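The block underneath contains the structure these notes are about, expressed in structure tokens.
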Amino acid sequence: MTIRDDAVHFARGLLMGSADIVPGVSGGTVALIVGIYNRLVTAISRFDLITLDLARRRKFGEAAARIDLRFLMALGAGIATAILLLSSVITMLLVEHRQHTYAAFFGMILGSSLLVARLVPRWNPLRIAALVAGAVGAFVFVGLPQLQNPPQFSPAYLFVCGFFAICAMILPGVSGSFLLLILGAYTQVLELLHRLKGMLKGEMLSTNDVVCLAAFCIGMASGLIGFSKILRWLLARHESVTLAILTGFMLGSLRRLWPYQFDLTPDAALDRKSFRALWPDFADGSTWASLLILVGGFALIMSLEAIAAKKMKAAEAAFEREEFEREEEEIASERTDV
933 MTIRDDAVHF ARGLLMGSAD IVPGVSGGTV ALIVGIYNRL VTAISRFDLI
983 TLDLARRRKF GEAAARIDLR FLMALGAGIA TAILLLSSVI TMLLVEHRQH
1033 TYAAFFGMIL GSSLLVARLV PRWNPLRIAA LVAGAVGAFV FVGLPQLQNP
1083 PQFSPAYLFV CGFFAICAMI LPGVSGSFLL LILGAYTQVL ELLHRLKGML
1133 KGEMLSTNDV VCLAAFCIGM ASGLIGFSKI LRWLLARHES VTLAILTGFM
1183 LGSLRRLWPY QFDLTPDAAL DRKSFRALWP DFADGSTWAS LLILVGGFAL
1233 IMSLEAIAAK KMKAAEAAFE REEFEREEEE IASERTDV
């Protein structure tokens, strides 16, 4: 790899990070669009005991080459930069334009759930039951009082959130930000990122912030190494049922993203607010504006998926063409030998 390659991967990371911080937009979809999805999945899958053993035996060069470390570092730097830069923007939107922001999130999650549903090859009673179970379970789960007022910056809580958020990387159509939002930790993590960005201005993180950030990162690492393998196994052995449950989960979780809410705690900080769902007032112009934004969010996801599908078809066609040319060369070589 050259410095130019590093710059290109950094730019791709910026695009992925911009997607990852928005619930409903999958960084994996962006990775597919920019042509690095397979390389990224391969690199992530090699964070295993073999790599750890190489590092333990101080074969750091082999370990780095095995996980494509330089590629991951350039990409990760771009992702981190985008997330840090946009965290303040998202926080401002949630404070100043919550209804419209949630409308965008709602539309994007709705579109993503439709895309996941399309991955189920054939809907039968079992898969429909799995979808209903996932939807009902998620609808009840996101309404739990504990999620309405989660423990503020609890290290154990953020460890769990990081653990499950990272697993979204291998789930089609799901982003880590979406899971954080469902778990009630989205605004908490945004606040933590905002404080982390303050270090660039000479501000210091508190001990509690450092502990919480470390817990979140350790949770992500644990999920990457451990639970992600279970999810891969489920997708490999029970793909249709797993995708049906996931579709239901996403649909049921839309309860959390309902745009029309009444603020019960107007004086509370963003990460400590409580809301009550309302029926939209169609005589209010902002209701129609949020509906248009919702449709726009839905259209954005469908457009990104269409571009990704086109890229995938082009990649498959190129692979088949290379295979055909290689077979032709082998046949020609055999004839020459004869």
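Under the working numbering, the first residue of the sequence shown is numbered 933, with each subsequent residue one higher.
Beta carbons are placed, not taken as given, at the ideal position from N, Cα and C, and that holds for glycine.
Keep in mind the model is a prediction, meaning the values are calculated, not measured.
> What is the residue span of the alpha helix (DSSP H) that residue 1208 lies within?
Replying inline: Taken as a continuous stretch (DSSP letters only), residue 1208 belongs to no alpha helix (DSSP H), being part of the beta strand (DSSP E) at 1207–1209.
>> Checking 8 Å against the spacing of the C-beta atoms, do residue 1048 and residue 1196 come in under that value?
In response: Not in contact: residue 1048 and residue 1196 (Cβ atoms no closer than 8 Å).
>> Comparing C-alpha positions only, which one of 966, 952, 949 sits nearest to residue 1244?
In response: In terms of CA proximity to residue 1244, 966 leads the group 966, 952, 949.
>> Which complete alpha helix (DSSP H) runs does the segment 940–1022 hold, if anything under 4 residues is left out?
In response: Complete alpha helix (DSSP H) runs here, min 4: 959–965, 969–977, 981–988, 992–998.
>> Counting C-beta neighbours from all protein chains within 10 Å, is the total for residue 941 16 or more, i.e. buried, or is it exposed?
In response: With 16 or more Cβ atoms within 10 Å of its Cβ, residue 941 is classed as buried.
> Assuming residue 1062 and residue 1176 make a contact with CB atoms under 8 Å, what is their CB distance in whole Å?
Replying inline: Yes, they are in contact, since the Cβ atoms of residue 1062 and residue 1176 sit about 4 Å apart, within 8 Å.
> CB-CB under 6 Å to residue 986, same chain, minus the five flanking residues each way: which ones, in chain order?
Replying inline: Cβ neighbours of residue 986 within its own chain (closer than 6 Å, five residues either side excluded): 994, 995.
> Run through DSSP, which three-state label would residue 1195 get?
Replying inline: Correct three-state label for residue 1195: strand.
> Looking only at C-alpha atoms, which of 1144, 1052, 1211, 1194 sits nearest to residue 1030?
Replying inline: It is 1194 whose Cα lies nearest to the Cα of residue 1030.
> Are there 16 or more other CB atoms within 10 angstroms of the CB of residue 1095, so buried, or fewer, so exposed?
Replying inline: Under this definition residue 1095 is a buried residue.
> Measuring CB to CB, does residue 951 end up less than 8 Å from residue 957?
Replying inline: Closer than 8 Å, so yes.
>> Checking 8 Å against the spacing of the C-beta atoms, do residue 1066 and residue 1180 come in under that value?
In response: Yes, the pair counts as a contact, with Cβ atoms nearer than the cut-off.
> Among the residues of its own chain, which have a CB less than 7 Å from the CB of residue 1122, if the five just before and after it don't count?
Replying inline: These residues qualify, in order along the chain: 1019, 1022, 1023.
> Count the other CB atoms within 10 Å of the CB of residue 935; is the residue buried (16 or more) or exposed (fewer)?
Replying inline: Under this definition residue 935 is an exposed residue.
> Would you report the Cα separation of residue 1190 and residue 1038, rounded to the nearest angstrom?
Replying inline: Each residue's alpha carbon lies about 7 Å from the other.
>> Whole angstroms are fine: how far does the CA of residue 1075 sit from the CA of residue 1064?
In response: Roughly 17 Å between the two C-alpha positions.
> When the distance is taken between beta carbons, is residue 1184 closer than 8 Å to residue 1010?
Replying inline: With respect to the 8 Å criterion, residue 1010 and residue 1184 are not classified as neighbours on the basis of their beta carbons.
> DSSP on residue 1228, reduced to helix/strand/coil?
Replying inline: In the three-state reduction of the DSSP assignment, residue 1228 falls in the helix class, which pools H, G and I.
>> Looking at residue 1230: is its Cβ nearer than 8 Å to the Cβ of residue 1111?
In response: Not in contact: residue 1230 and residue 1111 (Cβ atoms no closer than 8 Å).
> If we ignore side chains and look at the alpha-carbon of each, how far apart do residue 1053 and residue 1239 end up?
Replying inline: Residue 1053 and residue 1239: Cα-Cα distance of roughly 21 Å.
>> For residue 1004, tell me which candidate among 1220, 1097, 939 has the shortest Cα-Cα distance.
In response: Ranking 1220, 1097, 939 by Cα distance to residue 1004 puts 939 first.
> Whose C-beta lies closer than 7 Å to the C-beta of residue 978 among residues of the same chain, with five residues either side of it excluded?
Replying inline: If we look at residue 978 and ignore the five residues flanking it on each side, its Cβ neighbours are 998, 999.
> Smallest Cα separation from residue 1225: which of 1040, 990, 954, 949?
Replying inline: The option with the nearest alpha carbon to residue 1225 is 1040.
>> Going by C-alpha to C-alpha distance, which of 948, 989, 981 sits closest to residue 1006?
In response: Comparing Cα-Cα distances from residue 1006 to each of 948, 989, 981, the minimum goes to 948.
> Does DSSP classify residue 1257 as helix, strand or coil?
Replying inline: Helix, per DSSP.
>> Considering Cα atoms alone, identify which of 1008, 1192, 1157, 1146 is closest to residue 984.
In response: Nearest option by C-alpha distance: 1157.
> Hey, how far is the Cα of residue 1090 from the Cα of residue 1253?
Replying inline: The straight-line gap from Cα to Cα measures roughly 47 Å.
> How long is the line joining the alpha carbons of residue 969 and residue 1214, rounded to whole angstroms?
Replying inline: Counting only the Cα atoms, residue 1214 lies some 42 Å from residue 969.
>> Rounded to the nearest angstrom, what separates residue 1223 and residue 1026 at their Cα positions?
In response: Distance from the CA atom of residue 1223 to the CA atom of residue 1026, rounded to whole angstroms, is 17 Å.
>> Going by DSSP, what residue range makes up the alpha helix (DSSP H) through residue 1174?
In response: Judged by DSSP secondary structure, residue 1174 falls within the alpha helix (DSSP H) whose first and last residues are 1171–1184.
> With a Cβ-Cβ cutoff of 8 Å, do residue 953 and residue 1109 count as a contact?
Replying inline: It is a contact, given that the beta carbons lie within the stated cut-off.
> With 16 as the cutoff for other CB atoms within 10 Å, does residue 945 come out buried or exposed?
Replying inline: Using a 10 angstroms sphere on the CB of residue 945, the tally of other CB atoms reaches 16 or more, which defines it as buried.
>> On the DSSP letters alone, give me the boundaries of the alpha helix (DSSP H) that residue 1057 sits inside.
In response: Here the alpha helix (DSSP H) through residue 1057 covers 1057–1074.
> Would you call residue 1044 buried or exposed, if buried means 16 or more other Cβ atoms sit within 10 Å of its Cβ?
Replying inline: With a threshold of 16 other beta carbon atoms within 10 Å, residue 1044 meets it and is buried.
> Assuming residue 1114 contacts residue 1208 under a Cβ cut-off of 8 Å, what Cβ separation, rounded to an integer in Å, is found between them?
Replying inline: Contact between residue 1114 and residue 1208 does not hold, since their C-beta atoms are separated by about 18 Å, which reaches or exceeds 8 Å.
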